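Numbering (the working numbering), first residue to last: 731 to 845.
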């Protein structure tokens, strides 16, 4: 499975961005897709995940502000980020897990929240 992430950029506090991650390759083998982020000097952390059945899970820090969704027809997962805060600044990574447990990472996309 190959993952191509896009949509990062510079946004002011309180603003919004939408990240996209398009999957290719063994699409039918994908179970869970999600987003992780890594801020400078910090460990990579889970942001949100969505299963093939549409169940979602979010980090407490983004609940109520971020929404993960999935378009199975387009093999794409989205992360709508609203009410962005400076502490959301990080490189965001797309991740997919196959039914056999094998995981794949996309390249990161930088999100910078600053005035």
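Glycine included, each C-beta is placed from N, C-alpha and C at the ideal position. Quick caveat, the model's predicted, so the values are computed rather than measured.
Note to self: List, from N- to C-terminal side, the alpha helix (DSSP H) runs of 4 residues or more that fit wholly inside the segment 770-802.
What the structure shows: none
Next item on the list: Can you tell me which of the three DSSP states residue 759 falls into?
Entry: helix
Notebook entry, point to check: How would you write the range of the beta strand (DSSP E) that residue 814 sits in, first residue to last?
Noted result: Residue 814 -> no beta strand (DSSP E), and no H or E assigned at all.
Margin query: Pull the bridge partners of residue 745 from the DSSP assignment, please.
Written below: According to DSSP, residue 745 bridges with nothing at all.
Next item on the list: Could you tell me which of 811, 763, 821 and 737 sits nearest to residue 793, measuring between CA atoms?
Entry: 811
Next item on the list: Could you spell out where the beta strand (DSSP E) holding residue 834 opens and where it closes?
Entry: 833-835
Next item on the list: Might you give, ordered along the chain, the residues of its own chain that have their beta carbon closer than 6 Å to the beta carbon of residue 738, omitting 5 neighbours on each side?
Entry: 839, 840 and 841
Check: Between the segment 778-788 and the segment 750-764, are three or more C-beta pairs nearer than 8 Å?
Finding: yes
Check: Looking only at C-alpha atoms, which of 734, 747, 787 and 791 sits nearest to residue 843?
Finding: 747
Check: Between residue 736 and residue 754, what straight-line distance do the alpha-carbon atoms span, to the nearest angstrom?
Finding: 14 Å
Item checked: Proximity to residue 750 [Cα-Cα], best of 820, 800 and 786 -> 800
Notebook entry, point to check: In terms of residues, what are the limits of the beta strand (DSSP E) holding residue 736?
Noted result: 732-736
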